[in-house]
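Taking it in order: structure first as C-alpha cells, then the write-up.
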Amino acid sequence: MKTVALPRRLPAGLNRMPRNYLPVLVTGALFIAMFTAGGIRYEGFATGQIILNVFIDNAFLLVVAVGMTFVILTGGIDLSVGSVVALTTMIAASLLPSTPSFLVILLVLAIGGVLGAAMGAIIHYFEIQPFIVTLAGMFLARGLCYTIGTDSIPISDPTFTAIAQTRIDLAPELWISPTVLIALAVVLVATYTLHYTRLGRNVYAVGGNEQSALLMGLPVARTKIAVYTISGLCSALGGLLLSFYMLSGYGLHAVGMELDAIAAVVIGGTLLTGGSGYLLGTVLGVLVLGLIQTVISFEGTLSSWWTKIVIGLLLLVFILLQRLIVTTGVSRER
Amino acid sequence: MAEAILRMTGIGKEFPGVKALDGVDFRLLPGEVHALMGENGAGKSTLIKVLTGVYSIDSGEIELAGGRVAFAGPLEAQKAGISTVYQEVNLCRNLSVAENVFIGREPRKFGRIRWREMRRRTAELLRQLDLPIDVSKPLSHYSLAIQQMVAIARAIDIDARVLILDEPTSSLDAGEVAQLFRVMRRLKEQGIAILFVSHFLDQIYEIADRMTILRNGRLVGEYVTAELPQVELVGKMIGRELAELERLDERPPARTSDTLVEATELGGKVAPFSLTIREGEVVGLAGLLGSGRTEIARLLFGADHAGTGTLRIGGDQVNLRTPRAAMARGVAFCSENRREEGLVPELTVRENLILALQARRGWSRPVPRKKQDELVAKYIKALNIRPDNPEMLIRNLSGGNQQKVLLARWLILEPRLLILDEPTRGIDVGAKAEIQKLVVELSDGGMAVLFISAELDEVLRLSHKVAVLRDRRLVAELPNDDTLTTDVLMETIASGGAR
Amino acid sequence: GSGGDTTAEGGAPATSGGGDSTITMGFAQVGAESGWRTANTKSVQESAKAAGIDLKFSDAQQKQENQIKAIRSYIQQKVDVIAFSPVVESGWDTVLQEAKAANIPVILTDRAVDSPDKTLYKTFLGSDFVEEGKKAGQWLVEQYASETGDVNIVELQGTTGSAPANDRKSGFAEVIGADPKFKVIASQSGDFTRAKGKEVMDAFLKANPDIDVLYAHNDDMGLGAIEAIEGAGKVPGKDIKIITVDAVKDGMQALADGKINYIVECSPLLGPQLMDLAKKVLAGETVPERVVTEETTFTQEQAKQALPSRQY
Amino acid sequence: MKRLAWPAGILAALLLVNLIFTDHFFQIEIKEGHLYGSLIDIFRFGAPLILVALGMTLVIATKGIDLSVGSVVAISGAMACLQISTLEAQDSIGGVLGAIGVALALSIALGIGNGFLVAVIGIQPIIATLILMVAGRGLAQLITDGQIITINSDPYKLIGGGYWLTLPFGIIIVAVVLALIAFVTRRLALGLLIESVGGNAEASRLSGIRSHGLLIVVYAFCALCAGIAGLMISSNVSSADGNNAGLWIELDAILAVVIGGTSLAGGRFSLGGTVLGALIIQTLTTTIYSIGVPPETTLLFKALVVTIVCLLQSPAFRAKVFRSRRKPAPPTVPAGEKVTVRT
Ligand SMILES: Nc1ncnc2c1ncn2[C@@H]1O[C@H](COP(=O)(O)OP(=O)(O)OP(=O)(O)O)[C@@H](O)[C@H]1O
Ligand SMILES: Nc1ncnc2c1ncn2[C@@H]1O[C@H](COP(=O)(O)OP(=O)(O)OP(=O)(O)O)[C@@H](O)[C@H]1O
Ligand SMILES: [Mg+2]
Ligand SMILES: [Mg+2]
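Shown next as C-alpha cells:
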C-alpha cells in the first residue's frame, strides 16, 4: 500500500532551512565540485591561493553584486553599475593628483549614492521602468567618463598605491589584498542589513508584492529609493576597489560589468522577479564566475572564440545541474 | 450618541468612465461594529481605499477624531491609527507568516530584529484565533483561507482606533468566523471602532450594530441593524425584492445517471481517496480550512500530479498531466484564488472571459469577434456583471464582479464536469442566488458539478451528495437526504466521519 | 620537453613550468575584436609552435581586468615568461610587480605601459599608433601641397576611448594642424566596424555636400564608407580621397582597385619577433627596451605589387 | 490610437530638431535609381533594429527577455556569408537562398534552445539567454574563424543593401514581417495567448494554454527575427564580422520596445509602439551623426534624450508636473467645496 507523507510540523528552524536555502546549498556544492574537478585536471590548481585569487580578482565585482542583490530583491534592476564603476575610477584618477585621497573617496561615494538615489526617485515617483531609467543612467555615467577624458589616466597617489600593493599574508603561500577584506566587510554589513533590519525586510516585502507592501503600510518609496542608493554606493565602492586593482581611471573600464553582476546574483539563486534570494548566493555566484575564468586561463589553449563558447557551456552546465538538483530536491521534500 | 471617531462627508470618486462614489456620507462611532453593505461594485472597497489614502478623493472631506485628514497612503493612515484588511489578501506570500504579521513593526533591540520574539508573539496571536500553524513557513505554503486569517491577525494586532475589515470572512468557515467575532467583540469593548464588510447577511446580523448601505456609488442610508429586517436590507441593497433563495431550498433528488468521474485511491498531497461523480450530479465538498478540498479539485483537473491511484473520466482511464488534458476531457476548474490563479489583470473583461475557450481552440482558430461579443454580452447579463463594459480592464472591476467573469470563463466551455472552488466568494446576495440557480440549471441539463464552499448552507442547498474531508483525508460520503443538516455535517467534520 | 632546446640559464627564473625544460609562455591577448587582432593571435600561436614554446593563451575580451586576472593566473601557474598586449597603457604596476616578485620576465607587445618603473618589463615590441596617424597626415599634406582652397576632411574614429583611436586621431591632427586649409568638418566614432563605418559615412554625406578626404582609423570602416560613397553616386578614391590604417587584405584589395588612396600599415605579425625576444630574455641576453615592428605605407601602385604576397 | 501618440510625438520632435540643425534633412531624391536621403537612411539602417525589436516585443510580452539576439545576428550573418563564400558562383540565386535557409534554420534552432531552457527547464530568461549571448559570439567567430568574411554576391547584397521599386529592400522585409506578426497575433489569437501568459502564467496554465510550446515558439520567432536582421546587417556591408555584428543591439531593441509602451513586466504589447520606438532610436543615432555631436558626448546626449522620452511618456510624470494645467474638474463638486488631491 502506498502512503502519502503528510507534512508534519517540524521544529521551526529545521523545517525552514532546507527549502529556502536549497538553491544556495546546491550552488555551494557545485562550486566545490567544480573546484575539485579543476584540481584534478590542472596542475597547480587545487591550492588555497586559487580561491583567494578569485576573491582578489573579483572583490570589486562582489561589492557591485551586493548592491545589485538589493535592487533585484525588490524586483528592480540596475544597469548603470558598470558605468558608475568606470566613472568612479575616472573621477578618482583625475582628481587624485591634486586632492587628498580621503576627500576623493568621500566624493566618489557621494556621487555614486546621489546618482543611485536620483534614479530610484525617478523610478518610484514617475513610475518608469527601472530597466530604462538605469539604462539612461548607464549612458549618462559612461558619457561623463568620456567628457572627463578618453585616455586612461594612471593613479600614483601614495594611499591608493599602498592599498593596491599591500599583501596580507594569511599563511605561507596564501595571501589576500586589502580589497578582499573591504568586500567581505560589505558582504557582512549587507547580510546583516537584509536579515536583521527593517529596511532589509522591507526590501523582501516590496519584491514579493509591491502593491501589498504598500497596502500593508510599508514605506515603499523609501525602500525603493534606498536600494538604488545602496546600489549606487556599492558601485562607487566597487569603482574604488577597481581603482586599487588597476591603479588607473578609464572610461572603458568595467564595460558590461552590469551583466556580470546580474549573472552572479541570479546564479546565486535570487529571482529576478524579486522577493527571494540570499546574499550568500550572490557571493557564490561571483565565485562561480571567477572560477570559470580561472579554469579557462588554466586550460590555456583555447582560442578567443572557444573561450567564449566554453564560458557559455560551463555556465549552462552549472545552471542546468543547479536547476535539476533544486527541483528534484524540492519535489522530494513535498 | 457618542462623538464619531471617523466622519466622511460628500465623498466623490470617479474612475475613467465609472463614478464609483457619489456624495457619500459615512460615520463610524467608537466601540461599534459598523457594516458597510452593498452589491458587488457598489463602492464599498473604494470608500475604504479612499479613506486610507490608496486613492485620492475628487470631492468631499474626511475627519478623524475631529481633525481633517487626507492621507497620502496606507502608511500614513496606519500611523494615524487606522488598521485595514483590504479585500484581496494583501500580504507578501514570499515572507514567513510571522513576518507578514509583524513587518513594518518588528520587535527590535538596538535596531536589530528579534526573530525569535517575533515568532513567539505571532504564534501566540494566531493561537488566539485558533490557528496553530508553523509561523516560520512562507505564507505561500498555506491556503487562501489561512492567508486571510493571517491578514486579520496582522490587522487586529496593530494598535489602532479604527479597524477596517473588507470581506475578511469570504473564505472562512464557521469556526474561524466565530473566532474572529470573538476577537472583534473584545476589541469593541476596548472602544475600537470597527468597519466590517461582508456579503453574508447572517454574519452581519450577528455582529454589526449599525450599517450603512451603498448602491451604485450612492448612499442609501444609515440604519441600526436590529431595526432593519433582512428582506428590507436586501431590498435596499439591490433595489428590488429577492425571491429566488427560497425556491432553491427544496432538496434535490439523488441522481442515478451514468458515472462520469471515478477516482480510485487517487492521491497526491491528499491521502488517497475514492470518489464517483455522476452526470448531472452536484457533489459538495465540506471540510475545514486546509482540509484538502482544493487539493482534491486540483487533482481532478490535472493542476497537480496524482501520485497514486487511477482516474476514469467518461469510462476511459486518464492520466492528467496538465489542465489542458483535463479540459480536453471536459473538466473545468474555477479556482478559489482569483488573483493568483484566475485573473489576467492587464486584459479586458472580454479577453478574460473567452480565455479558456480560446486556449482550447488554439492560437490559429480565433473565436470570431462577433461570437465573442455575443458570449460576453450574454454572461454580463446573466451574471449581472457591472459595469457592463466588456472592454474594461478586469483589474478595475470590483472583487465580486471579477469573480463572476472568472466563473463565466468556465461556463462558456460547457464542460461535463465543472469544479467550482468557492465560486460565491465575495459575491453579493443577489448574484449568489443567480449562481446557485445556475448550478441547479446546469446540473439539470446533465453537467456534473463539484462544489466547494466554506458555507455549509450553500453546499447543502445544492449538492446531491456531500463528501467530507478532514486533515487532507476523505472521511465520509453522505447522501443529501432529509437527515443531513449543517449540524450533522459539522459533527461529521469534527468527529472525522465516525458516523 | 619536446623540441625545446632553449634551457633556462643566467637571468632565467628559478621556477619553470612543469619542471621540464620547455619554455612556457603565458600570453594575455586583448580579445578578438577585429580581423587584425585575430591575425595577431594566429601569428603568435603559430610562431610559438614553430619555436617549440608551450603557449598558454587567454583572451581578455577587451577588458583590462580580465587581462590582469589572466596574468595573475600565469604567475600562479609559474610560467617562464609572460607576454601581453595591454588594453590600455595605465594600471599595470601592481600585477607587474607581482610578476617581478615571482621572477617571471614580462614582454609587452603591440602597446606600451606608462609605468615609471622600467624594470617591470623586459622589452616592448609593437607599433606606434601616433606615428601611424602622423604618416597618414603627412601623405595628405604632400598630396595637397599645391592646393590653395580648403580641404574638407571627415574622420571615422575607432571605438571611443580606445588607444588606437585616441593616438591615430592625435597623430593625424598634429600633422595637419600645421596648415589651416585642412579642415576636419566631421568626426565620429565608427567603432572600427564596416557596418558603422557605412552608417556614419552615409550621414556625413548627407550633412556635408562637399567632402574631399576621408580618414578612417582602420580599413574596415573605410571599406564600409566606400559603399556609402558609392551609394551616394560618388566615386571613392576620386571624388573623395580615402586614407586608412592597417593594410588588411580587403583593404589592400580596395587600394589596388583604386578605391582607397593610401594605407598606413599596422602589422599584426608580431609572433616570430616575440618568440625570438622571449628566448633571448630567458637565455639572459640583453634585449633592447623598445623593438619597433617593421611597418610601411602603401600607395595604390605598391598595393598592386604587394597584394599577391599578403598573408592576412 | 491614443497609446501611440506619445512615441509618435517624440519621433516628430526629433525629426524637427534635425530640420532646424541639418540642411536637406527632409530632402529625398532619386539617385542611382533609388530613393536617397536622410529619412530613407533612417529606415534603411533602422530595419534590422525594428526586426529585432519586434521579436523582442513578443518575448517581453511573455514576461521574458532575450539577451542573445545580438549573438544570433552575428551567427546568422556569419553562417550565410560562410556558405556564400564557398559557392562557385556567388551570384547564383539558388546558392544564396540555400545559404539564407541554413542561416535562418540555425537561428531558429538557437531560439528553440532558448525557449527550451526558459519554458521546460525553468531557467530565468535573462540567464538562459545570457548563455547564448556569451557563447554565441564565440560561435559566430568560430564560423568566421575570427576573420571578416567578405563576399561578393549581388543577390545577397539585395537583402540589406539593395533596393526594390526604388525602396530599400530591408524596409520591404520589415513590412512583410510586421504584417505577418500583426496577422498572427492580432487577427489570429496568438497575441491574446501571449499576453495572457505574460500577464499571469499560472492562470494561463489553469486556463489550458500550452505555455511551454508558446514560449518556445516566441523565443524561436525572436531568434528568427534576429537571424533576418543578421542577414541584413551582413548583406549591407557584404561581409560578416563575428565579433561586432549586432553588438549591443539587444539593449537598443529592449529600449525600443519599452519606449513603444510595452512593459517589461509582461502582458500587453504594442507592435506599432515598438516600430516607433526603434525609429526613435535610429533617428537619434542619425541625428547624432548629422548634427555632429562629438563622440565623447554622444552618450550624454543619448542619456538626455532617453530620459526626456521616458519622462514624457510616464503618465505619473505628466500628472505630477503638468498637474496644475490638466487637473480634472470633477463635475459633481459644488462650488466652494474644497478638493484634496493626493500628492
Ligand atoms: N482602479 C479602478 N479603475 C476603474 N474603475 C474602478 C477601479 N476600482 C474600482 N473601480 C470601479 O468602481 C466601482 C466600485 O468598486 P468597489 O471595488 O468599490 O466595489 P465593492 O463595493 O467593493 O464591490 P465588491 O463587493 O464586489 O467587492 C466598480 O464599478 C469598479 O468597477
Ligand atoms: N493547519 C494546517 N497546518 C499546516 N498546513 C496547512 C494547514 N492547513 C492548510 N495547510 C496547507 O494549506 C494548503 C491548502 O489546503 P487546501 O487548499 O487543499 O485546503 P482547503 O480545504 O481547500 O481549505 P481552504 O478552505 O483553506 O481553501 C495545503 O497544502 C496544506 O499543506
Ligand atoms: Mg470590494
Ligand atoms: Mg480551498
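Residue numbers (the numbering used here), protein chains in the order written: chain A, 45 to 378; chain B, 3 to 501; chain C, 34 to 345; chain D, -18 to 324.
Think of the CB as a built atom: it goes at the ideal place given N, C-alpha and C, for glycine as much as any other residue.
Collapsed DSSP secondary structure at residue i in the structure displayed
| i | result |
| --- | --- |
| Cys336/B | strand |
| Lys102/C | helix |
| Val299/A | coil |
| Gly59/C | strand |
| Gln89/B | coil |
| Phe202/B | coil |
| Val33/D | helix |
| Lys96/C | coil |
| Met163/A | helix |
| Leu174/B | coil |
| Ile15/D | Correcting the residue type first, residue 15/D is His in the shown sequence and not Ile. Reduced to three states, the DSSP call for His15/D is strand. |
C-alpha gap between residue i and residue j, whole angstroms
| i | j | result |
| --- | --- | --- |
| Ala161/A | Val121/C | 32 Å |
| Val303/C | Val238/D | Per the sequence shown, the amino acid found at residue 303/C is Leu instead of Val. Taking the straight line joining both Cα atoms gives about 46 Å. |
| Leu195/D | Lys373/B | 24 Å |
| Ala37/B | Leu458/B | 23 Å |
| Leu288/C | Leu(-5)/D | 39 Å |
| Pro368/B | Thr113/A | 43 Å |
| Trp219/A | Gln110/C | 16 Å |
| Ile155/A | Leu385/B | 58 Å |
| Val103/B | Thr86/B | 13 Å |
| Asp4/D | Gly210/C | 28 Å |
| Leu131/A | Val286/D | 20 Å |
| Leu173/C | Leu96/A | 54 Å |
| Ser67/C | Phe90/C | 17 Å |
Beta-carbon gap between residue i and residue j smaller than 8 Å
| i | j | result |
| --- | --- | --- |
| Val54/D | Ala210/D | yes |
| Ser256/A | Gly181/A | no |
| Ala59/D | Gly208/D | no |
| Gly295/A | Met134/A | yes |
| Arg300/B | Gly282/B | no |
| Glu63/B | Arg70/B | yes |
| Val165/D | Leu171/D | yes |
| Met39/B | Thr214/B | yes |
| Gly219/B | Ala67/B | no |
| Ala240/C | Ala219/C | yes |
| Val314/C | Lys133/C | no |
| Pro274/B | Phe303/B | no |
Next item on the list: Counting only runs of 4+ residues fully inside the stretch 342 to 372 of chain B, write out the alpha helix (DSSP H) ranges in chain order.
Entry: 351 to 363
Notebook entry, point to check: Listed by chain order, which residues have C-beta atoms less than 6 Å from any heavy atom of ligand 4?
Noted result: With the cut-off at 6 Å, the residues found are Ser145/B, Arg295/B, Thr296/B, Glu338/B, Asp423/B.
Next item on the list: Mind listing, in chain order, the continuous alpha helix (DSSP H) runs of no fewer than 4 residues lying wholly within the stretch 247 to 315 of chain A?
Entry: Segments of the alpha helix (DSSP H) lying fully in the stretch 247 to 315 of chain A: 254 to 259, 264 to 290, 301 to 311.
Check: Quick one: complete alpha helix (DSSP H) runs, 4+ long, within the stretch 92 to 171 of chain D?
Finding: 106 to 125, 135 to 142, 150 to 163
Margin query: If we require 4 or more residues per run, which alpha helix (DSSP H) segments fall completely within the stretch 204 to 243 of chain D?
Written below: 230 to 240
Check: Unbroken alpha helix (DSSP H) runs of length 4 or more, entirely within the stretch 171 to 219 of chain C: which are they?
Finding: 196 to 209
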